[in-house]
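Q: Quick one: structure below, then a few questions.
In the UniProt record's numbering, the protein residues as written are 1 to 116.
Laid out in structure tokens, this is it:
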């Protein structure tokens, strides 16, 4: 049974998994869309929602946390100046997923994640 299982392990050690999620969220902010496997995208969606929620708060502690979390200052600037104001009235659901054809090499289900 999977009662109270908080996240997927993605077949990686903890630090590698967290680094992967930070990298994918930074790429999503910079480029507006990211393509990956279904499991990774579902985890990135949760992190992206948290990042946007923090950016919408617009207080010093949130900005410092986001500055340390995101890998790029450009991503932080874009998040604060473009994305957070865009979603001020939206209570959640900041991203959408679009299924793609399976990956050619191993048949893994691929998904495109983009901002709404």
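Beta carbons: idealized from backbone N, C-alpha and C, even for Gly.
1. With a cut-off of 8 Å, do at least 3 Cβ pairs link the region 17–25 to the region 67–75?
2. Can you tell me which of the three DSSP states residue 99 falls into?
3. Opposite residue 112 in the DSSP bridges: which residues?
4. From 97, 12, 104, 106, pick the residue whose C-alpha is nearest to that of residue 112; which is it?
5. With residue 12 as the anchor, note down where its alpha helix (DSSP H) starts and where it stops.
6. Go ahead and label residue 45 buried or exposed: buried means 16 or more other beta carbons lie within 10 angstroms of its beta carbon, across all protein chains shown.
7. Assign residue 67 to one of three DSSP states: helix, strand, or coil.
8. Alpha carbons only, please: which of 115, 116, 100 is nearest the one belonging to residue 36?
9. Mind checking whether residue 56 and residue 77 have CB atoms under 9 Å apart?
10. My output table needs one value for residue 72: the three-state DSSP class, helix, strand or coil.
11. How big is the Cα-Cα spacing for residue 17 and residue 84?
A: Result, derived from the coordinates:
1. yes
2. strand
3. 35, 98
4. 97
5. Element bounds for residue 12: n/a, residue is neither H nor E.
6. buried
7. helix
8. 100
9. no
10. coil
11. 26 Å
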